[in-house]
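A quick write-up on the structure given underneath.
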Amino acid sequence: MSRLVIDPITRIEGHLKVEIQVEDGAITEARCTGALYRGLEEILRGRHPLDAQRITTRICGVCPLAHSTAASLCLDDALGLSPPRGGQLLRNLIYGANYLHNHVLHFYHLALPDYLPAGALPGALSPGTDEDRRFSQQEANRLAGHYLEALAVRRKAQELVALFGGKMPHDMAIVPGGVTYRPTLGEVAAFRFRLKEIMGFIETSYIPDLLLLAERYHDYFGLGQVGKLLAYGCFPLEGERLFPAGVVLGGELVPFDPGEIREGFAHSWYSGDGPQPPWAEEAPPAPDKAGGYSWIKAPRYRGEPCEVGPAARAAVGLRAGTPEFRELAQDILREADVPPDALSSAMGRHLARGMETLFIARAMESWLSQLDLSAPVATEYRIPQEGRGQGLAEAPRGAVGHWIEIKGRVIAHYQVIAPTTWNASPRDEAGKPGPIEQALAGTPVSGDGVLEAGRIVRSFDPCLACAIQ
Ligand code: NI
Numbered sequence: 134m135s136r137l138v139i140d141p142i143t144r145i146e147g148h149l150k151v152e153i154q155v156e157d158g159a160i161t162e163a164r165c166t167g168a169l170y171r172g173l174e175e176i177l178r179g180r181h182p183l184d185a186q187r188i189t190t191r192i193c194g195v196c197p198l199a200h201s202t203a204a205s206l207c208l209d210d211a212l213g214l215s216p217p218r219g220g221q222l223l224r225n226l227i228y229g230a231n232y233l234h235n236h237v238l239h240f241y242h243l244a245l246p247d248y249l250p251a252g253a254l255p256g257a258l259s260p261g262t263d264e265d266r267r268f269s270q271q272e273a274n275r276l277a278g279h280y281l282e283a284l285a286v287r288r289k290a291q292e293l294v295a296l297f298g299g300k301m302p303h304d305m306a307i308v309p310g311g312v313t314y315r316p317t318l319g320e321v322a323a324f325r326f327r328l329k330e331i332m333g334f335i336e337t338s339y340i341p342d343l344l345l346l347a348e349r350y351h352d353y354f355g356l357g358q359v360g361k362l363l364a365y366g367c368f369p370l371e372g373e374r375l376f377p378a379g380v381v382l383g384g385e386l387v388p389f390d391p392g393e394i395r396e397g398f399a400h401s402w403y404s405g406d407g408p409q410p411p412w413a414e415e416a417p418p419a420p421d422k423a424g425g426y427s428w429i430k431a432p433r434y435r436g437e438p439c440e441v442g443p444a445a446r447a448a449v450g451l452r453a454g455t456p457e458f459r460e461l462a463q464d465i466l467r468e469a470d471v472p473p474d475a476l477s478s479a480m481g482r483h484l485a486r487g488m489e490t491l492f493i494a495r496a497m498e499s500w501l502s503q504l505d506l507s508a509p510v511a512t513e514y515r516i517p518q519e520g521r522g523q524g525l526a527e528a529p530r531g532a533v534g535h536w537i538e539i540k541g542r543v544i545a546h547y548q549v550i551a552p553t554t555w556n557a558s559p560r561d562e563a564g565k566p567g568p569i570e571q572a573l574a575g576t577p578v579s580g581d582g583v584l585e586a587g588r589i590v591r592s593f594d595p596c597l598a599c600a601i602q
């Protein structure tokens with residue numbers, strides 16, 4: 134038996150340590166450690182409630198829109214606000230642009246080097262190993278060309294956020310009650326032009342490249358599986374959501390009830406008595422705690438570790454989503470020659486990410502055409518003496534939740550549970566491993582396990598800056 138520590142896992146956001154035990158050619162056990170405590174929930178206590186949006190968007194430079202959105206939904210709930218249709222459309226367009234950036238970044242710049250041959254990319258960008266490389270030289274050259282093109286596509290997606298959101302990262306537009314800014318006709322035209330260019334890249338490069346990867350590495354649909362999936366849903370528009378909320382347990386869709394979320398700390402460096410509901414959580418940091426091995430807490434749904442992210446959104450969407458989503462998802466699953474159950478896997482996550490990139494870009498074209506530049510984009514509000522709210526959304530990498538309690542017109546309690554808190558969580562009170570730990574255990578490996586572990590961990594698109602607050 135050998136024990137291997139990968140610290141840090143590269144080409145993800147933040148500092149994640151993964152420890153694996155390998156025996157008889159397979160990973161028998163894995164542990165995930167989030168190594169950086171943040172303390173933003175503590176910083177928010179006693180501050181003005183509107184600071185929640187401004188400060189939490191700074192949790193992360195990769196997924197800041199997830200936090201400005203979740204914080205604004207949280208305050209909408211606490212303040213009793215319903216943003217007007219114009220505000221909802223603009224929020225969705227700004228947030229959608231962040232998805233396009235994130236998924237192109239993840240596929241080409243974070244995940245693809247795991248599969249490209251050494252020397253395919255210029256200089257230090259190239260992977261350092263030639264193990265298990267299955268692309269022809271011609272295919273590798275084409276993919277490397279798209280890797281470089283994707284840099285310009287990402288810039289355009291960031292410009293989309295900046296056009297309507299003021300800047301990127303840390304937009305200034307998404308606020309309780311709607312958005313702060315109504316774009317001009319010229320800005321809408323600039324947005325449309327860039328969106329069309331990005332759509333062209335998604336259709337002619339990203340999706341075909343993804344399907345080629347899925348064909349060459351079809352066995353990765355059988356690796357890195359979790360199976361229990363949770364989505365909060367996102368992109369609301371007048372009571373409907375582009376992605377519905379739901380939980381898939383044992384292959385069956387179960388209605389989502391946020392009251393079933395608890396966070397545990399048995400193996401996390403906190404001294405709270407867990408598991409606790411997020412709206413009343415008290416868990417001071419305890420860096421020397423015996424039995425602790427991560428700063429990440431262990432959120433569970435009805436006691437179950439659940440995978441969140443594109444595979445969860447697709448699994449729920451295939452069962453309860455719009456006809457447009459179901460048709461697109463079924464087409465792509467058919468082209469990749471896999472059943473819907475294969476989504477929760479190392480390759481399934483890439484497939485789910487690609488299908489939703491196309492779906493969101495199409496939805497953005499529709500939202501853009503529905504903008505009325507003379508309609509209101511925000512509603513008025515006043516800060517109540519007391520209030521409580523929850524804001525549930527979907528970051529590109531999965532379900533994100535914010536919870537606030539207001540007392541004396543200031544924040545009395547603030548809680549963030551981010552996607553990677555779910556996915557990279559450690560063992561819980563019942564000893565159940567977190568989703569990435571589960572995905573790694575049982576994986577057959579050809580060498581020391583670094584190659585397979587890296588591919589599986591990166592398929593979750595972890596973001597450690599978000600995971601620990
Ligand atoms: Ni993040």
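Using the working numbering, you'd call the opening residue of the sequence shown number 134 and step up by one each time.
The C-beta atom is built at its ideal place from N, Cα and C for all residues, glycine as well.
So the candidates are the options; which of them puts its Cα closest to the Cα of residue i?
i           : options            : result
residue 212 : 519, 340, 485      : 519
residue 513 : 480, 217, 497, 405 : 217
residue 136 : 162, 378, 144, 148 : 162
residue 240 : 542, 205, 490, 153 : 490
residue 196 : 147, 166, 181, 176 : 147
residue 454 : 369, 237, 565, 257 : 369
residue 269 : 324, 568, 460, 253 : 253
residue 272 : 299, 531, 348      : 348
residue 205 : 311, 282, 284      : 311
residue 194 : 301, 595, 283      : 301
residue 283 : 243, 266, 321, 413 : 243
residue 190 : 472, 308, 258, 566 : 308
residue 581 : 144, 155, 496      : 155
Please work out which residues of its chain come closer than 6 Å, Cβ to Cβ, to residue i, disregarding the five sequence neighbours upstream and downstream, and give them in chain order.
i           : result
residue 622 : Because the chain is modelled from 134 through 602, residue 622 falls outside the range shown and cannot be assessed.
residue 452 : 386
residue 437 : 361
residue 228 : 198, 202
residue 171 : 601, 602
residue 468 : 344
residue 166 : 150, 426, 427
residue 397 : 407, 408, 431, 561, 562
residue 500 : 222, 225, 226
Check this for me: beta carbons of residue i and residue j, under 8 Å apart or not?
i           : j           : result
residue 525 : residue 434 : no
residue 404 : residue 429 : no
residue 583 : residue 552 : no
residue 354 : residue 475 : yes
residue 222 : residue 504 : yes
residue 556 : residue 441 : yes
residue 485 : residue 233 : no
residue 263 : residue 277 : no
residue 142 : residue 587 : yes
residue 350 : residue 237 : no
residue 230 : residue 207 : no
residue 376 : residue 450 : yes
residue 247 : residue 591 : yes
residue 593 : residue 459 : no
residue 488 : residue 462 : yes
residue 192 : residue 444 : no
Return yes when at least one heavy atom of the ligand NI lies under 7 Å from the C-beta of residue i, else no.
i           : result
residue 549 : no
residue 165 : no
residue 195 : yes
residue 146 : yes
residue 596 : yes
residue 599 : yes
So, for residue i: in the same chain, excluding its five sequence neighbours on each side, which residues have a beta-carbon less than 7 Å away from its beta-carbon?
i           : result
residue 210 : 522, 523, 524
residue 358 : 477, 478, 572
residue 174 : 547, 548, 549, 602
residue 327 : 289, 292, 293
residue 554 : 429, 430, 432, 600
residue 342 : 276, 279
First and last residue of the beta strand (DSSP E) that includes residue i?
i           : result
residue 297 : No beta strand (DSSP E) contains residue 297, which is instead part of the alpha helix (DSSP H) from 270-298.
residue 165 : 159-167
residue 543 : 543-550
residue 138 : 135-139
residue 523 : 519-528
residue 350 : That residue, residue 350, is in no beta strand (DSSP E); it is neither H nor E in DSSP.
residue 374 : 373-376
residue 534 : 531-540
Can you find the residues in the same chain that come closer than 8 Å, C-beta to C-beta, to residue i, ignoring five residues on each side of it along the sequence?
i           : result
residue 159 : 575, 576, 577, 578
Does any C-beta atom of chain B lie closer than 8 Å to the C-beta of residue i?
i           : result
residue 366 : In summary, chain B is missing from the structure at hand, where a single protein chain is found.
Going by DSSP, what residue range makes up the alpha helix (DSSP H) through residue i?
i           : result
residue 334 : 318-334
residue 500 : 479-503
residue 583 : 583-592
residue 467 : 456-469
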